[in-house]
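Structure record follows, encoded as structure tokens.
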Amino acid sequence: MSEILIAKDINKIYDEGLIRTQVLTGLDLSVRAGERIAIVGTSGSGKSTLLHLLGGLDVPTSGEIWLHGQCLNNMNETQRGEMRNQHLGFVYQFHHLLPEFNAIENVAMPLLLRPSVPIKTARAEAIELLERVGLGHRLDHRPGELSGGERQRVAIARALVTKPSLVLADEPTGNLDYDNAQSVFALLAELQDTMQTALLMVTHDRNLAAMADRQMLLKNGQWSQFDSSI
Ligand SMILES: Nc1ncnc2c1ncn2[C@@H]1O[C@H](COP(=O)(O)OP(=O)(O)OP(=O)(O)O)[C@@H](O)[C@H]1O
Ligand SMILES: [Mg+2]
């Protein structure tokens, strides 16, 4: 299987005058096509920091991140943005939908950032995905007019509308009750299977983590032995 993402010896230090915080230390990671990986770890262990770096939203202090054979390190902000739009989808704990736009517009947004995609096509693709996540009857609703689980399903549709090879999800079910969390995860997994998308998911939920192909435990910014019995 081919590797989509490779991170080598990643270090991240936040340096703010007298305060120097080493958050990630010598991390390696590789993600293969279609793979489902869960990252677990206590609060403050560096999970979100790692996802930000892998998604090109921030740069490591040292180490290399390769996405589809291209190194993100030496790219400028615009180039990293294009790599993100081309290859990645993001799902956050708190949906991050744009409140003034309806479900179709929110989902179509990543496609509308591509100059080559006509608005009509972007809307049609958004509608198709919203139907797949069971929201065909809520197309014109704004985030404020949707339930928490529905918002998260819109966020998943938005993450997948570009058919990315990798979805980075930071506690995608963290804000949902048990039933909604299960159904949102099942939906992610189903779409992932049909689209051959890899998933790298941060979760506090050990049950969800157990459903991934691979579980990784982050402890003080370093990989540690994952124990499924904890
Ligand atoms: N901009 C920053 N400047 C300094 N320290 C930071 C900054 N951002 C994060 N940190 C520190 O880095 C550590 C890791 O933060 P991170 O958000 O990656 O943790 P996390 O594992 O995602 O935690 P949680 O489960 O609570 O979301 C924390 O101790 C945090 O205080
Ligand atoms: Mg976090």
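Throughout, this note's numbering is defined as the position within the sequence shown, counted from one, plus 1.
Beta carbons: idealized from backbone N, C-alpha and C, even for Gly.
Since the structure is predicted, the reported quantities are computational estimates derived from the model, not experimental observations.
What whole-angstrom Cβ distance do residue i and residue j have, given they're in contact under 8 angstroms?
i: G47; j: L219; result: 6 angstroms
i: R21; j: I14; result: 6 angstroms
i: L25; j: G222; result: 4 angstroms
i: I1; j: N74; result: No answer is possible for residue 1: the residues shown for the chain start at 2 and end at 231.
Would you mind stating whether residue i and residue j have Cβ atoms separated by less than 8 angstroms?
i: H97; j: L167; result: no
i: A158; j: L200; result: no
i: R215; j: E36; result: yes
i: L130; j: L161; result: yes
i: T163; j: N86; result: yes
i: M196; j: A39; result: no
i: A8; j: G70; result: no
i: L209; j: T174; result: yes
i: A125; j: L113; result: no
i: L28; j: W224; result: yes
i: F95; j: N181; result: no
i: A211; j: S184; result: no
i: P144; j: T198; result: no
Looking at residue i and ligand 1, is the gap between the Cβ and the nearest heavy atom below 7 angstroms?
i: Y93; result: no
i: V108; result: no
i: T50; result: yes
i: T22; result: yes
i: Y15; result: yes
i: G64; result: no
i: S184; result: no
i: S166; result: no
i: G56; result: no
i: S148; result: no
i: S225; result: no
i: G27; result: no
i: G18; result: no
i: G82; result: no
i: G70; result: no
i: S229; result: no
i: G47; result: yes
Please state whether DSSP places residue i in a helix, a strand or coil.
i: G150; result: helix
i: E172; result: coil
i: Q183; result: helix
i: E126; result: helix
i: L209; result: helix
i: M196; result: helix
i: R215; result: strand
i: M232; result: Since the displayed the chain opens at 2 and closes at 231, residue 232 lies outside it and no answer follows.
i: S49; result: helix
i: K9; result: strand
i: V60; result: coil
i: Q94; result: coil
i: K121; result: helix
i: A39; result: strand
i: E17; result: strand
i: V162; result: coil
i: Q87; result: helix
Can you find a heavy atom of ligand 2 that lies under 7 angstroms from the Cβ of residue i?
i: S31; result: no
Heavy atom of ligand 3 less than 7 angstroms from the Cβ of residue i, yes or no?
i: D171; result: Although ligand 3 was asked about, the structure shown includes only ligand 1 and ligand 2 as ligands.
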